[in-house]
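Asks: Please see the structure below; I have some questions.
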Amino acid sequence: MKGSITTAIRGAIPDSDNAKMYLAHIEEEFQGSSKAHATTLITKMVTLKYSGSYGVCEHILRMNDMISQLKGLDMEISEKLNQGDRNVLVGNGEKAQVEAVRTLCLVLENGFNLDLVDTVYVPSMTRNLISVSRLDAYGYSFKFENKGFSHFLYSRIIGSGLLEGNFYKLLLNASFAESLKQ
């Protein structure tokens with residue numbers, strides 16, 4: 030039986046005269062390697078960033094594939110937050126409860142799809158705010174001037190916006206913006 034097992038696993042399993050004990054050792058070793066595989070998948074999933082070198086759909090498919098592999102290992106990825114798991118600190122010093130965290134796709138005026146990764150839904154907030162520092166981490170940059178801004182991805186212009194009151198407003202595709210109002 031030992032000869033039919035992969036060499037990488039075979040060396041980690043102690044010899045045994047009893048078949049039940051031998052199978053128990055194999056199961057124990059397999060569980061350890063499953064945990065290591067799950068840890069590797071979770072690490073990849075958490076650190077995987079969209080680089081712009083391939084399509085957004087391919088990026089999403091890679092994420093879904095990792096989730097499917099984790100589910101196959103009986104590892105669930107929950108999109109729900111437990112009560113009190115996350116709060117955001119708002120300008121007045123108060124904490125606002127986060128209800129959900131998801132990726133949100135915005136269609137910009139020129140048709141570019143802007144994926145906002147780890148977008149937090151805070152029902153008590155009356156404005157939709159985008160963190161420029163979070164986008165910077167994904168390769169986006171901004172140039173602010175003349176009561177407006179230009180939005181770049183790896184030095185290529187992808188969108189723009191205007192200053193309205195004290196906030197800059199991202200210019201969205203007209204039909205997409207209308208669909209958000211419904």
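According to our numbering, the sequence shown is numbered sequentially starting from 30.
Beta carbons are placed, not taken as given, at the ideal position from N, Cα and C, and that holds for glycine.
If you're wondering where the values come from, they're calculated on a predicted model, not measured in any experiment.
1) Which stretch, first to last residue, makes up the alpha helix (DSSP H) that contains Lys100?
2) In the DSSP assignment, the alpha helix (DSSP H) including Asp165 goes from what residue to what residue?
3) Can you list, in chain order, the residues of its chain whose CB lies under 6 Å from that of Thr132, leaving out five sequence neighbours each side?
4) Start and end of the beta strand (DSSP E) containing Asn139?
5) Is Leu209 helix, strand or coil when you go by DSSP?
6) Using a Cβ-Cβ cut-off of 7 Å (strictly less than) and excluding sequence neighbours within five positions of Met154, which residues of its own chain qualify?
7) Compare the C-beta of Leu143 against all C-beta atoms of chain C and say whether one is closer than 9 Å.
8) When you compare the CB positions of Phe181 and Phe171, do they come within less than 9 Å of one another, or not?
9) What residue from Gly190, Ser162 and Tyr183 has the CA that sits closest to Leu137's CA?
10) Anyone know if the C-beta pair for Leu140 and Asn202 falls short of 9 Å?
11) Taking the beta strand (DSSP E) that Asn47 belongs to, which residues open and close that run?
12) Is Tyr150 near Glu123, with beta carbons less than 9 Å apart?
13) Once the 5 residues before and after Ala199 are set aside, which same chain residues still bring their CB inside 6 Å of it?
Replies: If we stick to the structure as given:
1) Here residue 100 refers to the residue found at position 71 of the sequence shown. Unbroken alpha helix (DSSP H) run through Lys100: Val85 to Gly101.
2) To locate residue 165, count along the sequence shown from 1; it is residue 136. Per DSSP, the unbroken alpha helix (DSSP H) holding Asp165 starts and ends at Val161 to Ala166.
3) Here residue 132 refers to the residue found at position 103 of the sequence shown. When the five nearest sequence neighbours on each side are left out, the beta carbons in the same chain lying within less than 6 Å of the beta carbon of Thr132 are those of Asp144 and Val146, in order along the chain.
4) Residue 139 sits at position 110 when you count from the first residue of the sequence shown. No beta strand (DSSP E) contains Asn139, which DSSP labels as neither H nor E.
5) Sequence index remark: in the sequence shown, residue 209 carries index 180 (1-based). Per DSSP, reduced to three states, the secondary structure at Leu209 is helical.
6) Against the sequence shown, residue 154 aligns to sequence position 125. Answer for Met154: Ala125, listed in chain order.
7) Judged by its chain identifiers, the structure shown contains no chain C, having just a single protein chain.
8) Reading the sequence shown from its first residue, position 152 is the one you call residue 181. Reading the sequence shown from its first residue, position 142 is the one you call residue 171. Between Phe181 and Phe171, the gap from beta carbon to beta carbon is short of 9 Å.
9) Here residue 137 refers to the residue found at position 108 when the sequence shown is read from its first residue. Closest option to Leu137, Cα to Cα, is Gly190.
10) The sequence position of residue 140 within the sequence shown is 111, counting from 1. The sequence position of residue 202 within the sequence shown is 173, counting from 1. The question names Leu, yet the displayed sequence has Gly at residue 140. Between Gly140 and Asn202, the gap from beta carbon to beta carbon is short of 9 Å.
11) Counting from one through the sequence shown, the residue named residue 47 turns up at place 18. Counting along the chain, Asn47 falls outside any beta strand (DSSP E), and DSSP gives it neither H nor E.
12) Here residue 150 refers to the residue found at position 121 when the sequence shown is read from its first residue. Here residue 123 refers to the residue found at position 94 when the sequence shown is read from its first residue. No. Outside cutoff.
13) On the sequence shown, position 170 is the one that residue 199 refers to. It should be pointed out that residue 199 corresponds to Leu in this sequence rather than to Ala. Correct list, in chain order: Gly190.
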